[in-house]
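I have placed the structure first, in the form of structure tokens, so that the comments after it can refer back to it.
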Amino acid sequence: MAVSDHVDLETFMAGVTKRNPGQTEFIQAVHEVAQDIFEFMEDKVHYHEAQILRRMAEPDRVISFRVCWEDDNHNVRVQRGWRVQNNNAIGPYKGGIRFHPSVTESVLKFLAFEQTFKNSLTGLPMGGGKGGANFNPRGKSDAEVMRFCQSFMSELYRHIGPNTDVPAGDIGVGGREIGYMFGQYKRLTNRWEGVLTGKGQEYGGSQMRPEATGYGAVYFLRNMLKHQGMDVEGHTAVISGSGNVATHAAEKITQLGGKVLTMSDSGGFIHDPDGMTQEKIDWIKHLKTVKRGRISEYADEFSGATYHEGKRPWDVACDLALPCATQNELNEDEAKSLVSNGVKGVSEGANMPTTLEGVKVFHDAKIMYGPGKAANAGGVAVSGLEMSQNSERISWNSERLGEMLTDLMEGIHEKCTEYGEQEGGYVDYVKGANIAGFKKVADAMMAFGVV
Ligand code: NDP
Ligand code: 2IT
């Protein structure tokens, strides 16, 4: 069959849209990848004939289940849980679990699809998966969260395993939830094994895992800046979110001599023109993980800081922007605002935080733009290292893991430039990440034949 006989991008996307009605986030994520892969596959008939991209955009399986639990007032509550096992060509399914009221099958399918490319980029043997539930941890007691996690794991445990599928944290799932879920898995199976990552240090967790995503996103930004002869030092940064990824990104920017001006949550953002210090960042970590408070409280605590209710931080002038909260939190107008205020580099700690239109604005303006699947891969990379340590029954120290994380992020940056460097030196990191991530998984799938 001649190459021209194969479906084009438009026909391919029409099929994806038809087969996944209403799943806007999933369709968006596939579209962003397909644009680059169709160009890359133009002269590669074998990928077309094997329908490789179509197969990658069809999860191996989607498991959906009921999660019942009892709240503190003895009301029976019912949530929906999922695990999307997207692709295990290059290793066991691997990816986080998200507890948030906005979780739908579409959201988890997009995340599992993205994870497949991200995990491939790390160079470690991990396939792509994602799970979660439409459970809202906000305002719940520890006991309620524990009962929910136990009920969630009572179904999930039969679908996962250290060589099958290894979940971790994501939005609404941190050390506390991983602890409850690991405890339930162990109780149900009578096996201690590395079935989850992001575990506590006392029971097989890895040093540097809590820091890895945020630090990694800053290392990726530093690599992009270095490639153009620049550095983080002396630059201002606007960060969204105030969870695991955002606080560790803020910490690393600050350590490298940058000045963090903002943080946010779903209620609004705080602007601190004096910039953050380690002390202020530690205060936010405590606020969010122990007190479980709101970012608005920052403006009451630190003079000079202001709170902007219901707003996102992208109109604040800055050199660097790090969206670290959630998907589609930075749109076309906000991207334009960043560009007109002189932003130099954007590194995504979150998954797909910038809309397709926003990404186009950055590319047209030739802004250094690191997409989540490359920039935030440090988290899952250190999860991969946690799996290795669990299998070998050893623990590496944080110094060694810190070096490994730095090297892994440098390796990902190199892969992106290999496939993304344009004439004149501008790097299209989206294209680079998509093609490099795709190639490894595609070639593994080719080796397996039609399965
Ligand atoms: P956390 O739960 O620790 O923090 C999430 C933060 O984002 C909170 O500040 C939360 O505010 C905010 N947020 C969540 N949903 C929304 C929303 N709909 N609108 C506005 N703000 C929102 O999660 P993480 O820091 O772990 O995750 C943040 C992002 O990073 C996600 O996109 C995740 O997929 C991605 N990521 C995480 C990795 C990890 O290792 N944890 C690895 C790679 C990517 P509020 O408290 O108001 O809900
Ligand atoms: O989006 C992500 O990469 C994560 N939430 C981390 C996944 C993991 O398995 O560590």
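For the sequence shown, this note's numbering assigns the number 4 to the initial residue and increments by one for each residue that follows.
Note that CB positions come from ideal geometry on N, CA and C, so glycine has one too.
D173 has its Cβ nearer than 7 angstroms to a heavy atom of the ligand NDP. C152 is classed as buried because its beta carbon has at least 16 other beta carbons within 10 Å across all chains shown. Bounds of the beta strand (DSSP E) holding D268 are 262-268. Looking at the backbone, the Cα of V48 and that of V430 are separated by about 27 angstroms.
By the neighbour-count criterion, in which 16 or more other beta carbons inside 10 Å mark a residue as buried, K294 falls on the exposed side. Counting along the chain, the unbroken beta strand (DSSP E) around P326 starts and ends at 323-326.
By the criterion of at least three beta-carbon pairs nearer than 8 angstroms, the stretch 407-422 is in contact with the stretch 435-447. Annotation for A439: the continuous alpha helix (DSSP H) segment containing it runs 432-451. Between the alpha carbons of G25 and S398 lies a distance of about 45 angstroms.
Each residue's CA atom was taken as its position, placing A115 and Y372 some 22 angstroms apart. With respect to F155, A136 sits close: the two C-beta atoms are nearer than 8 angstroms. Closer than 7 angstroms to some heavy atom of the ligand NDP: that describes the Cβ of G270. Shortest Cα-Cα distance from P356 to any of A32, K21, A17 involves A32. E337 has its Cβ no nearer than 7 angstroms to any heavy atom of the ligand NDP. At least one heavy atom of the ligand 2IT lies less than 7 angstroms from the C-beta of K121.
In the DSSP assignment, H274 falls within the unbroken beta strand (DSSP E) covering 271-274.
Annotated three-state conformation of L408 is helix, per DSSP. Relative to the non-hydrogen atoms of the ligand 2IT, the Cβ of N379 comes within a distance shorter than 7 angstroms of at least one. The alpha carbon of N90 has as its nearest neighbour, out of M129, N344, S401, the alpha carbon of M129. In this structure, the alpha-carbon of G142 lies about 11 angstroms from that of R297.
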